[in-house]
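Residues 1009 to 1257 (the working numbering) are what the sequence shown spells out, left to right. What follows is a single structure, written as structure tokens, with notes after it.
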Amino acid sequence: MRPLIAGNWKMHGTGPQLPEIAAIAARVRVTAPTADILICPPSTLITRAVQAAAGQIAIGGQNCASEVSGAFTGDVSAEMLKEAGAAWVIVGHSERRQHHGETDAMVGAKAKAVWRAGLLAIICIGETDAQRRAGNALTVCADQIAGSVPDGITAVGNAIGYEPLWAIGTGHTPSLEEIGHMHSHIRQCLVARWGSQGREVRILYGGSVNPTNARAVLAVPEVGGALVGGASLKATDFEAIINKIPAHV
Ligand code: 13P
1009 MRPLIAGNWK MHGTGPQLPE IAAIAARVRV TAPTADILIC PPSTLITRAV
1059 QAAAGQIAIG GQNCASEVSG AFTGDVSAEM LKEAGAAWVI VGHSERRQHH
1109 GETDAMVGAK AKAVWRAGLL AIICIGETDA QRRAGNALTV CADQIAGSVP
1159 DGITAVGNAI GYEPLWAIGT GHTPSLEEIG HMHSHIRQCL VARWGSQGRE
1209 VRILYGGSVN PTNARAVLAV PEVGGALVGG ASLKATDFEA IINKIPAHV
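What follows is the structure in structure tokens.
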């Protein structure tokens, strides 16, 4: 399975940051990594980001509405993101679940909207620190898969993003053993529901991935790529992560 290295710029970036995307694209053209490379900038930058990417890397959105259009002030549909040039959409990021009250059902509806528009989805799941300390991390993630991952996930290319909330933007990551344990648990959940097709879904690890830990994280079995926040904002950091993709992934 081809790994996916995805950068989530969150609410960072205006025009002056576009050269970072151009620099990543130029590097990818030279190094031709054996992975899909994606940057998800704020939606205001998508069209210009596609130009900067020059066909070398994919550009995606960070969220979408579940409806095609309508009286939903401030919302953007998957069809609109597609028209702007997005090939992917992240849905269910914990920052949307936490700060915008997105439930599993809402995330599932958004994932279906992504596929309705003909785009690929990264559906995010992950436990809080309190849930992990209580010994509930596996159950929480299984419940999130059951509630927010619809049947279309097995179409070629889609991904689950496992992002423990306590690892996001903190510099703390789970141990490699913990990452491996969770990723194989997620794989089991996918296979239990979708059989052998569940093996085709990429499971990305996200949460404080950086050039220093990327090689070890990406080498963990069942880690099919990374979802990178802060370290995707600078081309030099993101390129360094791309360079750490192990040959066997
Ligand atoms: P950091 O890499 O900054 O921890 O962010 C992870 C994340 O939330 C990516 O979606």
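Virtual Cβ for every residue (Gly too), placed ideally from N, Cα, C.
- In the three-state scheme derived from DSSP, where H, G and I count as helix and E and B as strand, D1044 is classed as strand.
- Look at G1188 here: in three-state DSSP terms it is helix.
- Rounded to the nearest angstrom, the Cβ distance from I1211 to V1225 is 12 Å, too far for a contact under 8 Å.
- Going by DSSP, I1249 is part of the alpha helix (DSSP H) stretching over A1243 to I1250.
- DSSP lists no bridge partner for S1204.
- Contact annotation, G1116 with V1157: C-beta distance approximately 7 Å; criterion of less than 8 Å satisfied.
- For the alpha helix (DSSP H) assignment, the uninterrupted runs of no fewer than 4 residues enclosed by the stretch 1030–1097 are, from N- to C-terminal side, 1054–1061 and 1086–1092.
- Counting the other Cβ atoms within 10 Å of the Cβ of H1108 gives fewer than 16, which makes it exposed.
- Within the chosen limit of 7 Å, the ligand 13P reaches the beta carbon of L1235 through at least one heavy atom.
- Linking A1060 to R1037 through their CA atoms gives a straight-line distance of about 13 Å.
- The C-beta of N1071 has 16 or more other C-beta atoms within 10 Å across all chains shown, which makes the residue buried.
- Considered as a whole, the stretch 1113–1163 harbours 1137–1141 and 1145–1156 as its complete alpha helix (DSSP H) runs of no fewer than 4 residues, in chain order.
- A residue is called buried once 16 or more other Cβ atoms fall within 10 Å of its Cβ, and H1191 is buried on that count.
- Fewer than three Cβ pairs drawn from the stretch 1093–1110 and the stretch 1140–1151 lie within less than 8 Å of each other, which leaves the two stretches out of contact.
- Shown here, G1023 sits in a helix according to DSSP, grouped into three states.
- R1104: member of the alpha helix (DSSP H) spanning S1102 to H1107, first to last residue.
- For L1226, the uninterrupted alpha helix (DSSP H) run begins and ends at A1222 to L1226, by DSSP.
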